[in-house]
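Per the working numbering, numbering of the sequence shown is gapless, rising by one per residue and ending at 510.
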Amino acid sequence: MAAAFVTGSAPALLSGLSRACGTTNTNSKKVTPTTVSRISNRSVISMGPGRKFLVGGNWKCNLDTAGVSSLVEALNAGTALDESAVEVVVSPAAPYLGLTKKLLRDDFAVAGQNAWISKGGAYTGEVDAVMLKDVGASWLIVGHSERRHLEEIKETDAICATKTRYALDSGLKVIFCIGELLEEREAGTTMDVCTRQLTALAGVISPGEWKDVVVAYEPVWAIGTGKVATPAQADEVHRGVRSWLSSNVSAAVADSTRILYGGSVNPKNCGELAKLPDIDGFLVGGASLKPDFLEIVDAYKSSAVAV
Ligand code: PGA
Numbered sequence: 204m205a206a207a208f209v210t211g212s213a214p215a216l217l218s219g220l221s222r223a224c225g226t227t228n229t230n231s232k233k234v235t236p237t238t239v240s241r242i243s244n245r246s247v248i249s250m251g252p253g254r255k256f257l258v259g260g261n262w263k264c265n266l267d268t269a270g271v272s273s274l275v276e277a278l279n280a281g282t283a284l285d286e287s288a289v290e291v292v293v294s295p296a297a298p299y300l301g302l303t304k305k306l307l308r309d310d311f312a313v314a315g316q317n318a319w320i321s322k323g324g325a326y327t328g329e330v331d332a333v334m335l336k337d338v339g340a341s342w343l344i345v346g347h348s349e350r351r352h353l354e355e356i357k358e359t360d361a362i363c364a365t366k367t368r369y370a371l372d373s374g375l376k377v378i379f380c381i382g383e384l385l386e387e388r389e390a391g392t393t394m395d396v397c398t399r400q401l402t403a404l405a406g407v408i409s410p411g412e413w414k415d416v417v418v419a420y421e422p423v424w425a426i427g428t429g430k431v432a433t434p435a436q437a438d439e440v441h442r443g444v445r446s447w448l449s450s451n452v453s454a455a456v457a458d459s460t461r462i463l464y465g466g467s468v469n470p471k472n473c474g475e476l477a478k479l480p481d482i483d484g485f486l487v488g489g490a491s492l493k494p495d496f497l498e499i500v501d502a503y504k505s506s507a508v509a510v
């Protein structure tokens, strides 16, 4: 499908960011010269030594045993990763997590798509993060827009925060998704929404735990729609998120936390997005169900984050 673009209002976004950041002066934080570069007269925090490119494949509620087996076979046929430069995580539906882990190449990790908010027990139908870890997961996706917005689920910021806390306590790393609805973008509240979601996250983790958390910016209007954010739109929010981290957590956390872009990423559009200094990888849905997901993984070669 041809990519279409949703126009965003840059001034509206920026005013949203300054509102969301309150009165804190982002420039007052200590940022070392090696972590700051100037692009178009704007100060941005650029790549830090710890920001290894990460590509996640979110298989959602797709694939059966045969489908998982054949996709994994195709992924296994790809060339070995340069593990010093890129990390790959695929996320099968829960019943196939153990199978995926068993069949999948060792240089790819496995993530759960959801877990219960805390320790298991009398919670019919739920899965404890510890169980996901037991069958091979090392990551958990939290706060995906489908879980936040589907009428049947409607996870709140508080639920996403609680799940993150428990996942970290269970030894899983977390891909924490944030992002605005189309009407929120059109109302100029993109950064208000993203920072509200980040505030819930920051409230439950200590600065030292950010190393186990990756933020995925996924504009809801771009998920599964073929409407990828333009590089400028993605860049603006990614810089805003990093700036928020600098103001509200620390310059070190802002510098080292990976921020992925998600929403209709495919082999054709990933190269341009990967070049942006504040895009540290992707969370891929539809295009991760095909063997050419490996082409998106390869986008790390065009990344400014290359370590
Ligand atoms: P998409 O999904 O790549 O199909 O847009 C992304 C996601 O939901 O993480």
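Glycine included, each C-beta is placed from N, C-alpha and C at the ideal position.
Because the structure is a prediction, the values reported are computed rather than measured.
#### Entry: Three-way DSSP call (helix, strand, coil) for S273 in this model
DSSP, read as helix, strand or coil, puts S273 in helix.
### Query
Can the beta-carbon of G346 be found closer than 9 angstroms to that of F311?
no
#### Entry: Buried versus exposed call for A223 [16 or more other C-beta atoms within 10 Å across all chains shown]
Because A223 sits at a pLDDT of 38, beneath the cut-off of 50, its placement in the model cannot be relied upon, and the following sentence gives the value as read from the coordinates. A223 should be labelled buried.
### Message
Assuming the contact rule is C-beta atoms closer than 8 angstroms, L385 and V423 should be a hit. Round their C-beta distance to whole Å, please.
### Response
7 angstroms
### Task
For K304, collect the residues of the same chain with a Cβ closer than 8 angstroms to its Cβ; drop the 5 residues on either side in sequence, then sort them by chain order.
Once the five neighbours on either side are set aside, the close Cβ partners of K304 are V313, V338, G339 and A340.
### Query
Span of the alpha helix (DSSP H) holding L448?
P434 to N451
### Query
Under three-state DSSP, which class holds L284?
Coil, per DSSP.
### Message
Could you check if E475 belongs to the surroundings of the ligand PGA, using beta carbon to heavy atom distance under 8 angstroms?
### Response
Not so, every heavy atom of the ligand PGA lies at least 8 angstroms from the Cβ.
### Message
For the alpha helix (DSSP H) containing A454, name the first residue and the last one.
### Response
A454 to S459
### Message
If you reduce the DSSP assignment to three classes, tell me which class I356 lands in.
### Response
coil
### Query
Which residues, in chain order, sit with a beta-carbon under 6 angstroms away from any heavy atom of the ligand PGA?
N261, E421, I426, G427, G465, G466, S467, V468, L486, V487, G488, G489 and A490
### Query
Are there 16 or more other CB atoms within 10 angstroms of the CB of C264, so buried, or fewer, so exposed?
exposed
### Alpha carbon of D331 to alpha carbon of V500, nearest angstrom
29 angstroms
### Message
Given a cut-off of 9 angstroms on the beta-carbon distance, is the pair R254 and R461 in contact?
### Response
yes
### Task
State the start and end residues of the unbroken beta strand (DSSP E) segment that holds E329.
Per DSSP, E329 belongs to no beta strand (DSSP E) and is neither H nor E.
### Query
If you count every other CB in all the chains shown that lies within 10 Å of the CB of D267, and 16 or more means buried, which is it?
exposed
### Task
Identify which residue in K504, L492 and S273 has its Cα closest to the Cα of G427.
L492
### Task
Pick out whichever of G488, G260, I408 and L463 has its Cα sitting closest to the Cα of A370.
Checking every option, the nearest Cα to that of A370 belongs to I408.
### Cβ contact (3+ pairs, closer than 8 angstroms) linking the stretch 388–396 and the stretch 352–361
no
### Query
Helix, strand or coil for V500 per DSSP?
helix
### Query
Nearest to Y299 by CA position, among G323, W262 and A419, is which residue?
W262
### Query
Given 8 angstroms as the limit, is there contact between the stretch 451–466 and the stretch 480–488, that is, 3 or more CB pairs closer than that?
yes
### Task
Determine the burial state of K504: buried for a count of at least 16 other Cβ atoms within 10 Å of its Cβ, exposed for fewer.
exposed
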